[in-house]
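In this note's numbering, the protein residues as written are 644 to 940. Data block below; observations after.
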Ligand code: PPS
């Protein structure tokens, strides 16, 4: 297997890529904040939604924000998703309003914040201040499938990726996609979350029972919402509704929306049988002691 996902030296590199503490990153991640995490100015009542990219972050953030607003959609319908929930490590001159450090400073508390940083790059002060953590994870076959499509949809972040899926899967399996190795990322956070007051959600569970996710988030954040409000929030954040919302969905390239399919099992349309088998071998080896399992269908 070792050779199955072997990358040649000419592999695709995103614009401004750099490696920080063994994690492959891109120009849109502010290196200065990784070197000086105190720049983040964390507050003890901050709530973080943390995930590897393409795991259901946007969905979880929208649910959480509506819960924090007791189901009132006024704020949700007043600004776009990325401006409402600061993406803490983001910085790219093309999107000045999205500068994470600045954006967090102007938000009222309790703040709802997004990050894709692996735990060893995450501002560690937040781990000791009583902040809330909602971690969402998705089966990695669907994650890489979604990420492959996102690379092609967002040239402003990922450049001019022209490789096929097999090529992309090799990048993913070698940790050469932005935010690095999925296994390291997931295991790192999973170990932390197990022993701490954090909420752990799986995308596949959310798909099967979206109402349950709303209930869990509300309970975790101590919002006592009525059944009608829980139903309203769940429905408001359905894939169809979020896809139709101009405050959430967008297309940088026509025909390649940010909210793409919102399905489980799409990986089967991308993986060959050989790739699937080789992937399972790596997965079983790397995740064997984790106690973490996924639905793959
Ligand atoms: S990002 O850019 O890393 O923050 O992306 P992230 O939000 O983590 O993941 C994007 C995928 O989640 C899907 N999505 C949803 N699925 C089901 N229901 C809802 N409401 C929903 N909202 C977003 C989105 O379509 C991406 O998955 P794919 O498979 O590409 O469609």
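All C-beta atoms, glycine included, are put in the ideal place defined by N, C-alpha and C.
Check                                                                                                     : Outcome
Cβ contact check for the stretch 769-783 and the stretch 844-863: 3 or more pairs under 8 Å               : yes
Per-residue burial, residue 759 [other beta carbons within 10 Å of its own, 16 or more giving buried]     : buried
Span separating the alpha-carbon of residue 700 from that of residue 653                                  : 31 Å
Any non-hydrogen atom of the ligand PPS closer than 8 Å to residue 902 Cβ                                 : yes
Segment limits, alpha helix (DSSP H) that includes residue 799                                            : 798-801
Counted within 10 angstroms of its Cβ, other Cβ atoms place residue 662 as buried (16 or more) or exposed : exposed
C-alpha distance - residue 743 paired with residue 799, whole-angstrom precision                          : 17 Å
Closest Cα partner of residue 922 within the set 726, 813, 741, 823                                       : 813
Pairwise C-alpha distance: residue 902 and residue 788                                                    : 13 Å
Through-space distance from residue 691 to residue 773, alpha-carbon basis                                : 11 Å
Top-ranked residue by Cα proximity to residue 765, from 676, 852, 795                                     : 676
DSSP bridge partner residues for residue 821 (one or two, in chain order)                                 : According to DSSP, residue 821 bridges with nothing at all.
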